[in-house]
Amino acid sequence: MDIGSILLRRGLLDVQQLETARAMANGKRVDQVAVEMGFVPENDALGAIGDELGLAYVDLRDFEIEKGLLAEFPTSLIFRNALLPLYRKNGRVVVATSDPFDLEALNELASASGQRLIPVLAARDEIERLIKEQLGVGGDTVGALIAQQQEEGVELLDDLPEELGELAQEAQTASVIRLVNELLVEALEQEASDIHIEPQERGLTIRYRVDGLLRVQAVPPEIIHFQNAIITRLKIMARLNIAEKRRPQDGRIKLKVSGREIDVRLSVIPMLYGEGMVMRLLDKERMKFDLHRVGMPENIESTFREMISLPHGIVLVTGPTGSGKTSTLYSGLNAIKTPEIKIITVEDPVEYQTEGISQIQVHPKVGLTFAAGLRSILRHDPDVVLIGEIRDGETAQAAIQASLTGHLVFSTLHTNDAPGAFTRLIDMDVEPYLVASTVEGVLAQRLIRKLCQNCKKPFEPGPEDVPPGIGGPLPEHLWQPVGCRQCRETGYSGRTGIFELLRSDETIRRLCVNNATSDQIRQHARSKGMITLRESGWAKACAGITSVDEVKRITKGDID
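Remember, the working numbering sits 636 above the position in the sequence shown when you count from 1.
Shown next as structure tokens:
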């Protein structure tokens, strides 16, 4: 069968595209190459081939597989050949495949299961997604481990004695290494920022944080038997003490996955049913520290650039954990970084390693705290200092002194909004007049999910769609999430920032000295044109970047 001619005849490829695909084939099918090069959607190509072969094409996006059916088939063959049994029909089993010409794989599955099969065509990524949902990430590897234990008479890992040598040896077997790698690769494919491994009474829960929200990742229930092996393997990778199971441990893993450098920050904490682990994934390829990419409106970006170009003072970025504060500060450092400026940072931990910036890792056990580190680095003649976080009064006092001695200090603070930063510093026993004279500005920020540009749908809003605290006329259209293959049916893809920037002026300094409340500072800042977080989010909703529901969710506490 000349697949290229079929696609050409049906108008799915033109002559030039067909020639290009044939030239790039190198033993692969022409339709597969054309799909990879973006010449034709996979579902259209498979539909055309199916018509020629008399095979139906099935859309698996909202498909429900017959319950209990997969248990009748070898897991290893399902994973290896991307063959997915869907349902029974007239005594046969309908099986989805993306390769109707791989008859050997279909025959092998039929022989191993003793079932008669009816092949249908479906997109490979949808088949693989459903296999992972039904059988879990690493399902074939777990199956191989179970089979290996049965064949070799090895006891389950939970029943083994707590002996360091045996535990390390078990964790270093090829199958356990492969299972851990599959969990990491799947997280990277989903663009997750964190992996949560949580032992429960009746199983092991694995969750990925994607675009700020946790998603439960399907895994085979038998994975609970290899809980200790998985944790030990990750501890070995992070060079932690695998024998210590009573105390929290923190470590770091450096990986290279498909040519991409990945930095993994790992935290282990003993819990009721075993050790829980959280891994923060830092993909160096995706880390681009550029203020233009942060998502600031032009007026806020220009004011922020003025603030970070001052010769001295304190510039604060506030928000909860995971709101992008450190990324914004590093983007600011990159904007002012030149050979003439010396920049030193004190962080816990050092998240992003950057050329041209001297970075110090905090070690409280040996006395190297934020405050101690800051006092020491001032003798290194820096122009700009970044303190990872102002956590206590000692660090706050050190930052104030650094600012008063002619340094520009960047730092983060945990407050809900920009005006709250002034009162928080005063609550840390810093004299109000020192806060007033040193803090040049505060940027509060959150990360908000962006609508998938491929499937978002416009609608005509009513008054109930406007978040509380927002004034002005209704826009003609707003957008809402739908869900498609590109966004994994979530309706969202990626995140951007929303911002509230407060620039200090004489009135704010006077309010600060007089111990004014954050509400009084906010009221004055609003009168001078400060945009709140909710207003910033509403502007992005009106521009079709995010949804109203996201704005309401992220800015629940920001109501005037």
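For each residue, glycine too, the CB sits at the ideal point set by N, CA and C.
When 1077, 864, 641, 1180 are compared against residue 1111, the one with the closest alpha-carbon = 1180
On the three-state DSSP scale, how would you describe residue 1043?
-> coil
Alpha carbon to alpha carbon, how far is residue 1146 from residue 1052? Give it in angstroms, no decimals.
-> The straight-line gap from Cα to Cα measures roughly 22 angstroms.
C-beta atoms of residue 1106 and residue 1190 nearer than 8 angstroms = no
Does the Cβ of residue 856 have 16 or more other Cβ atoms within 10 Å, making it buried, or fewer, making it exposed?
-> Buried is the label assigned to residue 856, since at least 16 other Cβ atoms lie within 10 Å of its Cβ.
Over the uninterrupted alpha helix (DSSP H) stretch that includes residue 863, give me the two end residues.
-> 863-873
CA-to-CA distance, residue 864 to residue 794, given in whole angstroms | Residue confidence is low: residue 794 scores 34 on pLDDT, short of 50, so the model does not pin down where it sits. Its coordinate-derived value is still stated next. Residue 794 and residue 864 have their C-alpha atoms spaced approximately 7 angstroms apart.
If you drop the 5 nearest sequence neighbours on each side, which residues of the same chain put their C-beta closer than 8 angstroms to that of residue 1055?
-> 1078, 1138, 1154, 1155, 1157, 1158, 1161
Taking 7 angstroms as the line, does the beta carbon of residue 1142 fall inside it for any heavy atom of the ligand SAH?
-> No copy of the ligand SAH occurs in the structure displayed, which carries no ligand at all.
From the DSSP output, in three-state form, read off residue 832 for me.
-> The answer is strand: DSSP assigns residue 832 an E or B state.
In angstroms with no decimal places, state the Cα-to-Cα distance between residue 930 and residue 967.
-> 8 angstroms
Answer yes or no: do residue 917 and residue 811 have a C-beta to C-beta separation smaller than 8 angstroms?
-> no
Does DSSP classify residue 691 as helix, strand or coil?
-> coil
Beta-carbon proximity list for residue 883, same chain, < 8 angstroms, skipping 5 on both sides | 906
Which same chain residues, not among the five before or five after residue 834, have their C-beta less than 6 angstroms away from its C-beta?
-> 841, 912
Neighbourhood of residue 1019 by C-beta, 6 angstroms cutoff - its chain only, sequence neighbours within 5 removed = 977, 978
From the DSSP output, in three-state form, read off residue 1069 for me.
-> helix
Where does residue 667 land, buried or exposed, given buried means 16+ other C-beta within 10 angstroms?
-> Buried, since its Cβ has 16 or more Cβ neighbours within 10 Å.
Residue 1113 burial status per 10 Å Cβ neighbour count (16 or more: buried) | exposed
Excluding five sequence neighbours on each side, which residues of the same chain lie with their C-beta closer than 7 angstroms to the C-beta of residue 816?
-> Closer than 7 angstroms at Cβ, skipping near neighbours: 866, 869, 870.
For residue 857, three-class secondary structure by DSSP | helix
Taking the runs of the alpha helix (DSSP H) that are 4 residues or longer, which of them lie wholly in the segment 890-944?
-> 927-930, 934-944
What residue ranges within the segment 1086-1167 form continuous alpha helix (DSSP H) runs of no fewer than 4 residues, ordered along the chain?
-> For the segment 1086-1167, whole alpha helix (DSSP H) runs of length 4 or above, ordered along the chain, are 1142-1149, 1154-1163.
For residue 848, count neighbouring C-beta atoms within 10 Å of its own C-beta (all shown protein chains included) and say buried if the count is 16 or more, exposed if not.
-> Classification of residue 848: buried, given that the 10 Å Cβ count is 16 or more.
Three or more beta-carbon pairs under 8 angstroms between the segment 998-1016 and the segment 941-961, yes or no?
-> no
Starting from the C-beta of residue 654, find all residues in its chain whose C-beta is less than 6 angstroms away, skip the five residues before and the five after it, and write them out in chain order.
-> 640, 644
Say whether the segment 763-770 touches the segment 716-735, bearing in mind that this needs 3 or more beta-carbon pairs closer than 8 angstroms, one atom from each stretch.
-> yes
DSSP three-state call for residue 1175: helix, strand or coil?
-> helix
Burial state of residue 838, where buried means 16 or more other Cβ atoms lie within 10 Å = Classification for residue 838: exposed.
Three-way DSSP call (helix, strand, coil) for residue 721 in this model = strand
For residue 886: DSSP bridge partner residues = 903
Evaluate residue 1128 with the Cβ neighbour count: other Cβ atoms within 10 Å of its Cβ, from every protein chain shown; 16 or more gives buried, anything less gives exposed.
-> buried
Where the beta strand (DSSP E) through residue 1015 begins and ends = Careful: residue 1015 lies outside any beta strand (DSSP E) and carries neither H nor E.
Which one of 885, 1090, 999, 819 has the shortest CA to CA distance from residue 859?
-> 819
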